[in-house]
Amino acid sequence: MRGLRDKTAVITGGASGIGRATAHRLAEEGVDVVVTDVDDDGGEETVERIEANEAADGVAEFRSLDVSDYDRFEECLLAAAETHDGLDILFNNAGIGEARSFRETTREHRDDLIDVNLNGVWNGCHAALPVFEESGGGAIINTASMAGWKPAPITTYALTKAAVLHFTRSVAGEFAQYDVRINAVCPGLVDTAMTDEWYSEAEQEAMRRQTALDRWGDPEEIASCVAFLASEDASYVTGRAMKVDAGYV
Ligand code: NAD
């Protein structure tokens, strides 16, 4: 894809699933990737795998980061920009799930979901803006979900993802003043640790039948879309939410 080589990206939730696949894909496009996560072992493993991947040209490093911690997020973005002579891409991907009814959801779990899935994205966008301004612009991709579009029984999770979608679309005009494009990606059913934990085999099967393509997706299929949105090929795309869901919604 055009315009990715020699850029620098910070990826949150890069220790697993969609974040890890995107770190690989961007490194293969020649991007230097700063992989971040609360899972230090998983994050280090992502970096080791990129270093062992002969198709990856970009360098990779890991930084421990809890996205709900604004100060730490800001520090991480500033350090990435300092080390790599600027920041070009931020993938706000870290997220946690929910596998319970609204009635069973505790206030603690509600707060966790909002802190990570919503405040984490807000923190990244807010702390990144001056860093992007200093770097001469950039691209942000926020991970929302099909659950942010379509009513879903995972109600508090859906609430955070709908908020991420609306926030992304609403803030795009202001970010454009700093040459920052901001978009959201809305994954459908993607086979990752999160969905393995959430859904039984029978539930996974039933959900599969609701997709037009009749299958679950791989994290790499979301990574392709993120790479596109980060690249110059998407130079006229901002304030959008891209569904990558095999026709589920
Ligand atoms: P995953 O569990 O494989 O990866 C999520 C990563 O986020 C993990 O590495 C985890 O350690 C990290 N994380 C959790 N809390 C964090 C925090 N406070 N700070 C930093 N990192 C933290 O799951 P995934 O499916 O790859 O999910 C990635 C994103 O995609 C999430 O935002 C999720 O909501 C979204 N999503 C996934 C699906 C799907 O079907 N898998 C569908 C729609 C949206």
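Heads up: take any position in the sequence shown, counting from 1, add 7, and you land on my numbering. Glycine included, each C-beta is placed from N, C-alpha and C at the ideal position.
For D39, the beta-bridge partners assigned by DSSP are T15.
Put simply, of Y206, R27, M249 the residue whose alpha carbon is nearest the alpha carbon of H173 is M249. Distance between I229 and C83, taken at the CA atoms: about 24 Å.
DSSP places N124 within a helical segment (H, G or I) once states are collapsed to three. When DSSP states are grouped into helix, strand and coil, P137 belongs to the helix group.
Listed in chain order, the non-local C-beta contacts of T167 below 7 Å within the same chain comprise L120, I121, N124, L125, local neighbours out to five positions each way being set aside. Residue environment: E208 is assigned as exposed (fewer than 16 neighbouring CB atoms within 10 Å of its CB, all protein chains considered).
In terms of CA proximity to A34, N60 leads the group W223, N60, A191. Using a C-beta cut-off of 8 Å, the region 174 to 185 makes no contact with the region 217 to 236, since fewer than three inter-stretch Cβ pairs fall below that distance. E115 counts as exposed, since fewer than 16 other beta carbons sit within 10 angstroms of its beta carbon. Excluding sequence positions up to five before and after S152, its CB lies within less than 7 Å of the CB of K168, C193, P194, all in the same chain and listed in chain order. Between the C-alpha atoms of A183 and I189 there is a straight-line separation of about 8 Å. Contact between the region 91 to 105 and the region 129 to 144 is present: three or more C-beta pairs spanning the two stretches fall below 8 Å. Nearest to T53 by C-alpha distance, out of V38, A30, S242, V171, is A30.
Beyond the five residues adjoining it in sequence on each side, S142 comes within less than 7 Å, by CB distance, of A88, G93, L94, D95 in the same chain, given in chain order. Inside the region 184 to 256, DSSP marks whole alpha helix (DSSP H) runs of 4 or more residues at positions 200 to 205, 208 to 215, 226 to 237, from first to last along the chain.
When the five nearest sequence neighbours on each side are left out, the beta carbons in the same chain lying within less than 7 Å of the beta carbon of F139 are those of L94, G145, Y185, V187, in order along the chain.
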